[in-house]
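Here is the structure we will look at, set down as structure tokens.
In this note's numbering, the protein residues as written are 1451 to 2696.
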């Protein structure tokens, strides 16, 4: 069985955490989130639970947080309803004693009405809905099973199959600081030594209530004990994660996730809901994962890992023997004959069989009446016996049943598996994985692989059925290798890749947790080209070999064909004076404002290009006027036609696009647009569907196109007519999409490189003001936030643009950027509160009111602040952004801090109203929901695409189903009511849709499922993509592998007004993120519209140690400018200069550096393009691109002054002693290589 345990930074040793405040991972458990007293635990850190008074003991004690303690512990279990329900006040608390080396098992899924009664029916337990209490009436509406007899039957049934000194106990966590995703993490394993008895709650003497209740917490004792001499433990293993985190503080080149034993994804349900039964194969896969993690840990830490691995190997042998040859027998028989309880039949049969014995001969004897069914088996109908008689003579059909019984399938999976023909299944059972990948509960590769190739205990005694393909007898057959290749490539899409070079592919194959190895080197893959096709496409030879999923070959062709066909269409150039239309749209401007003139020229040129091409991209950073260009273009129906589709990847981007274009009713998310034929809301999958109808459209415009995956764009293109104009809009320097590919960047690069920028409208001059209502037209390029963002954009910038670096290093605040340093997590809590107060202009005693008003609350006639209709329109006035989610300082931690320090009163109101007696009239709020305790007045974000009916305000009434999109932000506005009954729904009002609300049930906030809503005082930068806020508070941790150049650029372009940068430690290290080696886009391996050319990275010198694990190992060659010497530079002209210098260096005539730091005290942090040293002299070299903006020119002039003040005057024919080399290009002049070579010769001598 599995037992869920909260993360604990001391190793679950019976003490309070060393740093409780920093432990936000344990807050994933609702019990802890609701009851942890952060101030108290911080005061009691490192104290033994034994030394604490009962009211001081942390709530994690009730969640097995002391499972490695040598002392027994006790806590009081209180029946929840007894705290407030007059019908339950007779139920008293029960003291639960957790033994030393013990834990508690609570099978929550078995106690839920939704699943518990289904379990009872499947196991034919004496539990049913009819035995539930009917009084008080509200019990019928609760999610949990209430009947005492029902509880007792289910709790006993859960522990009945668990055998002392034989069954495994697998400890797991749902959230840890080791990784930033929601995969289950295996913490350790042991044998079950003792399962204690169930207990019933005691009752008040003399009570007459019929209501009784069982204590759900059942203590168990496990086999783990400290090793006497060699360290660690015996009787199992505990993963040394705390030691790993400590070691990685010193070795930041490694990712903590490398050393984590993840539970198989297909076993997630078995590691959820507290405690659950774990199938033998899933347990084996978890132990194999632990084995691999321990081997990797041995590379960085010494410890008793060999002893742990030996224990794992021993238990694996027992697991395979216990599993036997037919672990899926029950579900296969259930799927074979509707209504037959195959699970119960298999359990009854197991009692009559020896371990690891083939059950099929006995089944045949029972079905043919040669032997009686075992005691406890369900009744076998005559029709089922007739079905069996028909099947038993069909050898392939029977062999298929035997084969499927080797797999640990669910009933739904078994039904789908039986839909595959017998010949196909027996010929290649891995088709069960390959063809089921798109199902919500897909059959996994691991499930099939473990069934076909189990441990030797099973495989040697029970070979595959004789009708199976003979090649399946070999572990390296082409079917298994192809399925493994598909698995590896599918997993790689999570990192954004659409293909893998053989080097990375081989590493991924070696890392797969399988029983038998997977020989997938270059030679094997080359030999299997035809066997892998068409599901896997293999290209290249030897070390240049690459592999790609067939669907990305198809999607790539769809996108490439759509681009190329549209490029061939030459629209008759309409005689439109775009510049006049641009001038008409905006106010008059002084003739001296050259920047405004250039910005308008850019808009007119962009409109001309977009209007003349059927494929177009409109690109530019925030504030450059992309929306204005779209507005003008949409006004020309002679170009865009009468059926324009406006689309966006996220709900928030959709709302903003509708608002900015004035076409609210004509904007959809891409998911909405593609429903139901090319988008699956159950899995979030976008797919091509040639049989589906096209959607009528003359022009399709997609905003925030940097968020498009290849799957999304291919499905989009397939859905629109071939003659539909396609325009992609966005900023290509932002974060790449969450998913495979970066087609927006690929298309831009293709149009620029191969088609002379046809259809490319590029805006480079930002004109957005610090305050849009202000008459003070401060140039956008004079804003510090715009300058700082540009540093991380990856664009080629003029040489004076590093001026902002000095301000950043000195922490110089202005109206658009403010810097605040923090060093510890404890510092961060105080800092966030003070920054919010400063942003809102609030004194300490008015901060909470000011915060609520900033979120849309208004005062009623009595002076109370309420979140009334329409409040959500202010929800995006300010936003905290974080790099991480789960780690200390991540969004989970910050939301907890804000909730605890600034939203406590609202939480208390919601809790107290739920506890108020139902016979009293009371101001009642919907009770707090989920582990984050979402309550009235909370700011939240939707994290799942789905459909939901709104309640419209005017006219009042229920509306039609609407699409609620991942990323939409809003406010919890109810339910609230005055009276005796408790509100049953949580009401959400979304920003941009503040004329309606949406209702959510308690079940929508499942602790173990995927909730629809999360707190949004802080969200990750990824979640913020496509959104815009008044002010942004950006939290930057010193160590994060997730941080990248694009992430920082995206974060720095979310604000309209200002950004607060809360950086851990000195800001210097973060400036290195501007380097190509930290680029997420360049690290994506794709081949859209060209051949892939991934090349290893040459690291620049002096990378900060804190970011040493964040650089990318391979970069896509087409997206970078790599010199002959291997460095990466910012532009083609700098590339040409560097290569010329390299030629002289090879001859021994000079040495040079790329982007050397300037050694000037008054220029700290700034750099030159090159430093040349020859003949005892040195020169700095600056290459100036187009200095077309006045702000660029001013800053470059100041940098020249800096050089001169430090003794570096400009070199020229008239001043040959000058040591600052300046070369230029511009609109009318490129770079003359011969001139550059001659310049170098003049410097160093011929």
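Note that beta-carbon positions come from the ideal geometry of N, C-alpha and C, so glycine has one too.
Contacting residues, own chain, Cβ-Cβ under 6 Å from residue i (five flanking each side not counted)
i, result
"residue 1864", "1781, 1782, 1785"
"residue 2511", "2269, 2484"
"residue 1868", "1785"
Neighbour-count burial assignment, residue i, 16 or more Cβ in a 10 Å radius
i, result
"residue 2409", "exposed"
"residue 2626", "exposed"
"residue 2011", "exposed"
"residue 2332", "buried"
"residue 2633", "buried"
"residue 1866", "buried"
"residue 1923", "exposed"
"residue 1458", "buried"
"residue 2260", "exposed"
"residue 2064", "buried"
"residue 2235", "buried"
"residue 1509", "buried"
Cβ-Cβ distance between residue i and residue j below 9 Å
i, j, result
"residue 2645", "residue 2250", "yes"
"residue 1721", "residue 1620", "yes"
"residue 1896", "residue 1690", "no"
"residue 1914", "residue 1938", "no"
"residue 2213", "residue 2079", "yes"
"residue 1462", "residue 1519", "yes"
"residue 2605", "residue 2624", "no"
"residue 2120", "residue 2136", "yes"
"residue 2422", "residue 2371", "no"
"residue 1590", "residue 1582", "yes"
"residue 2502", "residue 2194", "no"
For residue j and residue i, the rounded distance between their alpha carbons
i, j, result
"residue 2590", "residue 2660", "21 Å"
"residue 2540", "residue 2200", "8 Å"
"residue 1465", "residue 2338", "20 Å"
"residue 2197", "residue 1997", "22 Å"
"residue 2522", "residue 2498", "11 Å"
"residue 1906", "residue 1454", "31 Å"
"residue 1431", "residue 2462", "There is no way to answer for residue 1431, as the model of the chain reaches only from 1451 to 2696."
"residue 2685", "residue 2493", "41 Å"
"residue 2222", "residue 2657", "With a pLDDT of 37 at residue 2222, under the threshold of 50, the modelled position of that residue is not reliable, and the figure given next carries that caveat. Cα-Cα distance, rounded: 43 Å."
Bounding residues of the beta strand (DSSP E) (the contiguous stretch that carries residue i)
i, result
"residue 1527", "1523-1527"
"residue 1452", "1452-1454"
"residue 2514", "2505-2514"
"residue 2674", "2670-2674"
"residue 2475", "Careful: residue 2475 lies outside any beta strand (DSSP E) and carries neither H nor E."
"residue 1862", "Segment 1861-1868 is the alpha helix (DSSP H) holding residue 1862; no beta strand (DSSP E) there."
"residue 2097", "2094-2098"
"residue 2176", "2175-2180"
"residue 2412", "2412-2414"
Spatial neighbours of residue i in its chain, beta-carbon cut-off 7 Å, leaving aside the 5 residues before and after
i, result
"residue 1956", "1970, 1971"
"residue 1664", "1598, 1601, 1602, 1605, 1648, 1650"
"residue 1655", "none"
"residue 2003", "1987"
"residue 1964", "1899"
Residue i Cβ short of 8 Å to the ligand COA heavy atom set
i, result
"residue 2260", "Because no ligand of any kind appears in the structure shown, any question about the ligand COA cannot be addressed here."
Other residues of its chain near residue i: CB distance less than 8 Å, five sequence neighbours each side excluded
i, result
"residue 2683", "2586, 2590"
"residue 1792", "1779, 1780, 1781, 1782, 1783, 1784, 1785, 1786"
"residue 2690", "2590, 2591, 2594, 2600, 2622"
Limits of the unbroken alpha helix (DSSP H) element including residue i
i, result
"residue 2294", "Per DSSP, residue 2294 belongs to no alpha helix (DSSP H) and is neither H nor E."
Minimum Cβ-Cβ distance from residue i to chain B less than 9 Å
i, result
"residue 1984", "Of the chains in the structure shown, none is chain B; there is only one protein chain."
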